[in-house]
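Okay, so the sequence shown: first residue is 178 according to the numbering used here, each after it adds one.
Ideal placement from N, C-alpha and C gives every residue a C-beta, glycine not left out.
What follows is a short report on a single structure.
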Amino acid sequence: MLFLNPLLLFGLAGVLVPIILHLIRKQAAKPYDWGAMRFLFDTVAARRKRMEWEDFLLMAARCLLIALIALAVSRPFVPPDSQIPWLFVLPLGLLGMAFLGGSFVLSSLKATWIMRVIALVLISGAGFISWQEKNLNLSRFQTSPRRDVALVIDGSTSMLIQTEGQTAFSRAIAEARRFVKDAPKGTAFSVVLGGPAPEMRTGNPLTHRADVLEVLDQLEPVGGPFRAQEALGVATLTLAEGRAATKDIVVFTDQQRVGWQLESTTAWSNLGDAWDGLPAKPRLLVRSFPPPENLRNVSISEIELSREIVGTDREVMIRVRVENTGTEVITPGLLKVTVEGKELESKGVGQLIPGGEEVIDYRHRFTKAGPQVIKVALASKDDLIGDDVSERVLWVKETLPVLIVEGNSGASFFERAGGYLGLALAPADTESAVFVDPRVVEANAFVNETLENDTVVVLADVTRLPSDASAKLVDFVLKGGGLWILAGPNIEEDFYQNWQGGDGPVVPIKLGKMNLPENGVRVAQGTFDHPVLRIFKEAAGDDLAEGVVLGYRESTGLVSGAQAAARYADGEIFMATRAYGHGRVVVTTTGLDARMGSLPARPSFVPLVHELTNWLAGGKGVELNIKASWSPTLSLPTGGGLRASYLDGKNGEKGEMLNRVDSAINFNWRGGPPEKGLKADEFVVKWQGSLLPPQSGEYVFEAIVDDKFKLWLDGDEVLKAEGGTRRSKKINLVAGEIVPFRAEYREGSGEAFVSLSWRRPDRVSEIVPASAFLAVVKDDEDVVLATSRALDPKGRERDVAATQGRRGRLLEVDGSALPGQYQLEVPAGMRSDVEGKETLPLVVKREGGESRFDRWNDDDRKLIKREIDLMELGSIDNMLSVLRGEGFGREIWKVIAIAALVLFFLEGLLARWVSKSRRAGEEVRVDFEKRDEVPSEFSKSVAQTKGGVR
């Protein structure tokens, strides 16, 4: 507890006034000798003790009253984060004052001095604690001639909540402007706008205040969550560039918990460590703008679809979830849904209680394939308008091509491994719209398939694949394709157990030998543990459990990242799944044909096949709905590859004709150009990246070329070929250890072709697959392949960079991830990854937590204060007091003044009661009318005396 007017504490000397008056009155009483006084001792002694305590209470009350008045005019306040409660210090001092005054009315010398010693201890203790508190707290407010201050403005969605017609964001800007204007001289400012990604609006801290005010005037709310940790990190970087030794970070926020990482002690520990590295550890000053207690808000929390894969063949259910995230009952207006540029029928939303929600369903059949935007708008007229609109993009498929690779083509139709499967996928009515489009090829013809237009590949009891075909299939899955392996009796376990790619083992389980139960085995419906199988777990899939499986492959365990989706009744795995790169893999440990049992004859078999196929196809596409992050980033489904630069060989390789990523070095241009619009002769191709060996051991590289080819590994030339075929020496490589890779091809004229293959330690020869390449050099940054433009939700143009790095191929939009819909221009070299689309819609999703307002709690504050010096400030004046080195806090003079007023009346009542009780005790009746009559009591006393003498 500290004081704004400490000099007025000298008024506490007024406590001595009632003590002095008591002493004067005591000295004024003159003693008289009276022989009969001894007869009164018996009656006076009985009342003296009670009178003494009455005087003690009166003296204590009068001293306390004066002390309370003196303390109130001194304007005491409780500084932030006070370590000692004022409700302990204040009563301690007041109790000492009361004991000191009361000690002067006690008659016992021993009791008097005991009381005075206790009083002095209490008063000294209170004074020492206040002095110590002053030293501890004012050291936090020490000022210096020069100071760097980083202003962090929360630009999240919740800062748009209005109070008295003004948003929290506009109030924050207004107070930040006043803070800059009234700050002490020598203060330099930097400005950071917080949101999903912080925006540094100034570089080094600026001392010219007009420039800082201009930056503040240009700020607009970003929307989305406030990523406080990232914003504080950027603010720390700006402070590190400042020249002043003293640093502060001021955050204007609504203290919404979302984005502060208050569940992570590591994040705050790391921030504290970063601040310890500055010349002086900054203080975190937080000025909060909480929402009104009665908040009216309803939000669109989610847009859901009934199917993951949507085609033009049938309707899809669009479910819009509306939620009341405020504290008041509210009845929203109409809900409007726009699809394919057309507005569907508007629907009303019923009354919602706080925390209540309602789901509004729409049915729509899409007429166009490609990316389509669903936009939902709600007329809510609530306190927060930022969550009344939501968008979602889905990629509508015209067809779903499925390639079935038949491994038992010599058998009858129903004994073929893919016979029942193809029948289940094929449409019954050929005149109806075809969505799932299956085609069947024999296993030996699979090597000629390009897989460019396929979404799912089914290996139906295929014995094994050639190395080139297996590498091609791995690359297909890495790019987002689906792979379904039917492990029938014909497969070779060794091949599937050792099948490796860029994301590890391809098969989710280690397949073993065939097991042929004597009476067969059934699938255990209760073990279904996968989203695809959810609808079959209840009564709708009862008939699957009735099918008998006559034989299955034993398994020795799941690989890392795999899941057992279903099991047989004996506990062995029936189906396993895993994500692989951008794609998905499913393996069933039995064949789905007549040889392996009656499972394909069950009614639920057809929907099971379709659900699995749709799930596998879910990875084959681009995710156009992304979370708010540092910047909007679109990940393109692609496997590995090398960064390729196509140069004009005639002009000294100065003119770059094309820059792209090639999945492998395997080209035959047959005398034509490498790309439409480029030269057919006298060009140079340079590949650069990293090689990721799948196995440890000796490798031999082989090049077939026309005209010239060179290969370098880790900077050393290992292969040089000029026409024809050339092999390298044996090269020892370690599995998983990245090796810098560089290659160069030169074409003069005529035929043009080049291919690079290797012979692995397991004696397998194949074209070096894309899964063995990374398009970045060891310790290299992301490589920019091309640039383009985009429009953000506010209609402003932004730069787009197409990059290739360890995270894959990306389209990165410059700037913060403002929630809403973007329109991206796809660079020409990337269009093959998105089905040739020149533009793509991209939606940055709004975070639902921003609509559910949840403020900091005491545990959150304790977490922050363990690592950094946190001050929560209630006004701009307090903020300026901190900057000036002045104390501030919550004033308590009103509480003391009220206590003094109450004590004033209590002291009057106490004095009146004491006076009345003493008058009642001293009341004596004296009869002055019968002066000559001798009282009877006296006569009796005389008679008794005489009788006693006689």
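Using three-state DSSP, classify residue i as helix, strand or coil.
| i | result |
| --- | --- |
| residue 446 | helix |
| residue 1018 | strand |
| residue 525 | strand |
| residue 872 | coil |
| residue 589 | coil |
| residue 1105 | Residue confidence for residue 1105 is low, a pLDDT of 48 falling below 50, so the modelled location carries little weight and cannot support an answer. |
| residue 472 | coil |
| residue 333 | coil |
| residue 189 | helix |
| residue 541 | strand |
| residue 1012 | coil |
| residue 731 | strand |
| residue 1039 | helix |
| residue 857 | coil |
| residue 740 | strand |
| residue 1027 | helix |
| residue 194 | helix |
| residue 519 | strand |
| residue 693 | coil |
| residue 408 | helix |
| residue 1094 | helix |
In terms of alpha-carbon separation, which member of the options lies closest to residue i?
| i | options | result |
| --- | --- | --- |
| residue 326 | 363, 402, 980 | 363 |
| residue 688 | 618, 612, 763, 772 | 763 |
| residue 747 | 760, 731, 736, 740 | 731 |
| residue 477 | 1061, 534, 661 | 534 |
| residue 770 | 806, 976, 591, 782 | 591 |
| residue 450 | 1041, 1053, 1081 | 1041 |
| residue 897 | 911, 874, 921 | 921 |
| residue 1158 | 895, 1057, 810 | This structure does not reach residue 1158, given that the chain is present from 178 up to 1127, and the question cannot be answered. |
| residue 421 | 787, 324, 394 | 324 |
Expressed to the nearest angstrom, what Euclidean distance is found between the alpha-carbon atoms of residue i and residue j?
| i | j | result |
| --- | --- | --- |
| residue 1103 | residue 1093 | With a pLDDT of 48 at residue 1103, under the threshold of 50, the predicted position of this residue should be treated as unreliable, and no value is reported. |
| residue 670 | residue 750 | 16 angstroms |
| residue 585 | residue 756 | 28 angstroms |
| residue 738 | residue 654 | 15 angstroms |
| residue 505 | residue 1051 | 26 angstroms |
| residue 623 | residue 644 | 12 angstroms |
| residue 195 | residue 278 | 8 angstroms |
| residue 1101 | residue 227 | At residue 1101, the pLDDT of 47 sits below 50, so the modelled position is not reliable and the matter cannot be decided from this model. |
| residue 465 | residue 760 | 46 angstroms |
| residue 487 | residue 1006 | 27 angstroms |
| residue 445 | residue 1044 | 6 angstroms |
| residue 521 | residue 366 | 51 angstroms |
| residue 844 | residue 899 | 16 angstroms |
| residue 513 | residue 447 | 46 angstroms |
| residue 839 | residue 818 | 5 angstroms |
| residue 985 | residue 799 | 13 angstroms |
| residue 587 | residue 862 | 46 angstroms |
| residue 494 | residue 712 | 17 angstroms |
| residue 509 | residue 1057 | 43 angstroms |
Starting from residue i, follow its DSSP beta bridges and name the residues at the other end.
| i | result |
| --- | --- |
| residue 976 | 966 |
| residue 885 | 899, 923 |
| residue 836 | 822 |
| residue 801 | Partner(s): none; residue 801 has no beta bridge. |
| residue 637 | 583, 663 |
| residue 513 | 554 |
| residue 755 | 739, 762 |
| residue 326 | 366, 425 |
Measure from the C-beta of residue i to each C-beta in chain C and report whether the shortest distance is under 7 angstroms.
| i | result |
| --- | --- |
| residue 963 | The structure shown contains no chain C; it is built from a single protein chain. |
- prompt: Are at least three pairs of beta-carbons, each pair with one atom in the region 325-340 and one in the region 295-308, less than 8 angstroms apart?
  reply: no
message: Could you check whether the region 367-386 touches the region 404-424, counting it as contact only if at least three pairs of C-beta atoms, one from each stretch, sit closer than 8 angstroms?
response: yes
- prompt: Are three or more beta carbon pairs between the region 461-470 and the region 542-550 nearer than 8 angstroms?
  reply: no
- prompt: Does the region 842-856 come within contact of the region 898-911, defined as at least 3 CB pairs closer than 8 angstroms?
  reply: no
message: Three or more C-beta pairs under 8 angstroms: does that hold for the region 906-916 against the region 863-871?
response: yes
message: Across the region 235-249 and the region 274-288, are there enough close Cβ pairs to call them in contact, namely three or more that are closer than 8 angstroms?
response: yes
query: Are three or more beta carbon pairs between the region 770-781 and the region 949-969 nearer than 8 angstroms?
result: no
- prompt: Would the region 671-680 and the region 696-707 be scored as touching if the rule is three or more Cβ pairs under 8 angstroms?
  reply: no
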